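Data block below; observations after.
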Amino acid sequence: RRLEDDLREAVASGIQIQTFYQPVFSLDDGKVASFEALARWMHPRQGFISPEIFIPLAEEMGLIHEVGTLVLRDVCKLLFELPAIRVAINVSVLELSSPGYALRVIGTLAASHIDPNRLEIELTESLPVDKDGHFINNVASLRAAGVSFAIDDFGTGYASFSRVQTIDADRIKIDKSFVDDMDKADNKAIVMAIISMARAKGLKITAEGVETEAQRAALQKLGCDDLQGFLLSRPLSEAAVHLLVKGPE
Ligand code: G
Ligand code: G
Ligand code: MN
Ligand code: NA
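Set out below in structure tokens:
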């Protein structure tokens, strides 16, 4: 069987695609500021398949919309059950370029009685933006409803300050590759430049992929708002998020 057939089946049944949540910590008080929802594919024979494999495949196959719907459904359930938290979802440019995407998201939030301010959309510039305006219209509608936007993997590929301006983003997420470099040598210069430019534009700053105490200390000193990475927490199951937020019952 081809992986494509398995993915089509997984998406149709829903249950093999699961959502994990990686906590993001505020540097102000060290508390959990939000969670990033991350899709996981629990393949019945091959075991766990990384989103780095199946998300691009879903994009090629036109299934990314269904994957996004499954993740958003999980996220709305969690937001409903835990009224104090905020969650960020990763959204493909293909989803945001699809007519009616914003209305579907806003409708799903409304049906679950969830304040759109509790949802953030992380956008990676891996694909070109559509030319017929659907992307911009969706972003504008979501922003008007209260959904915030972050530029993911900032500093890589097409993610740049022009992208920040186009979608009027609230936040940048400094890519793990820069955080890694910071540790090795005196390669802090890039991170410092990103942070000072982001500050000048009034953007919130999250650093991703923080794995060492040295990185944490350096990023704190440079003035990041939030940190995310294996040093602080791996992505958690829904049950583990409940335990973290509410404590053992
Ligand atoms: O969880 P992990 O670090 O392995 O994720 C790998 C990549 O897959 C990341 O770039 C992440 O943004 C992306 N990804 C994870 N979950 C989703 C999702 O629900 N939708 C989209 N479009 N991308 C996702
Ligand atoms: O592209 P995006 O930022 O959405 O990717 C998130 C991915 O990065 C997730 O798959 C998550 O599991 C992974 N990740 C999060 N923190 C760390 C970390 O500290 N180290 C490594 N290697 N990966 C991380
Ligand atoms: Mn992300
Ligand atoms: Na990222």
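Position one of the sequence shown corresponds to residue 469 (full-length UniProt numbering), numbered consecutively onward. All residues carry an ideal CB built from backbone N, CA and C; glycine is no exception. All values derive from a computational prediction rather than experimental measurement.
Can you look up residue i in the DSSP assignment and give me helix, strand or coil?
| i | result |
| --- | --- |
| aspartate 542 | helix |
| glutamine 633 | helix |
| serine 705 | coil |
Give the straight-line distance between the Cα atoms of residue i and residue j, rounded to the nearest whole angstrom.
| i | j | result |
| --- | --- | --- |
| methionine 660 | glutamate 588 | 25 Å |
| threonine 624 | lysine 656 | 16 Å |
| glutamine 514 | arginine 631 | 37 Å |
| lysine 714 | lysine 499 | 13 Å |
| glycine 670 | alanine 570 | 25 Å |
| phenylalanine 629 | isoleucine 642 | 12 Å |
| aspartate 699 | aspartate 600 | At residue 699 the sequence reads leucine, which differs from the aspartate that was named. Taking the straight line from one Cα to the other gives about 42 Å. |
| glutamate 534 | arginine 684 | 36 Å |
| leucine 531 | alanine 637 | 26 Å |
| serine 566 | valine 573 | 12 Å |
| glutamate 504 | valine 559 | 11 Å |
| glutamate 528 | glutamate 563 | 12 Å |
| glycine 575 | serine 481 | 23 Å |
| leucine 538 | isoleucine 483 | 9 Å |
Is the separation between the beta-carbon of residue i and that of residue j shorter than 8 Å?
| i | j | result |
| --- | --- | --- |
| glutamine 490 | glutamine 696 | yes |
| phenylalanine 646 | isoleucine 658 | yes |
| serine 494 | leucine 547 | no |
| serine 701 | phenylalanine 488 | no |
| leucine 525 | leucine 591 | no |
| leucine 540 | isoleucine 557 | yes |
| alanine 648 | glycine 677 | For clarity, residue 648 is aspartate in the given sequence; the question names alanine instead. Yes. Within cutoff. |
| threonine 674 | valine 555 | no |
| serine 470 | glutamine 486 | In the sequence under discussion, the amino acid at residue 470 is arginine, which differs from the serine named in the question. No. |
Is residue i buried or exposed, if buried means 16 or more other CB atoms sit within 10 Å of its CB?
| i | result |
| --- | --- |
| glutamate 717 | exposed |
| phenylalanine 603 | buried |
| glycine 536 | buried |
| aspartate 620 | buried |
| asparagine 585 | exposed |
Quiz item: Which ranges does the alpha helix (DSSP H) cover as unbroken runs of at least 4 residues, wholly within the segment 636-695, from first to last along the chain?
Solution: Within the segment 636-695, the complete alpha helix (DSSP H) runs of at least 4 residues are 644-652, 656-668, 681-690.
Self-check item: In chain order, each alpha helix (DSSP H) run of at least 4 residues that lies wholly inside the segment 519-604
Solution: The DSSP assignment places complete alpha helix (DSSP H) segments of no fewer than 4 residues inside the segment 519-604 at 519-529, 532-549, 561-564, 569-579, in order along the chain.
Exercise. At 3 residues or longer, and completely inside the segment 475-525: list those beta strand (DSSP E) runs for me, N to C.
Key: Listed in chain order, they are 485-494, 500-511, 515-517.
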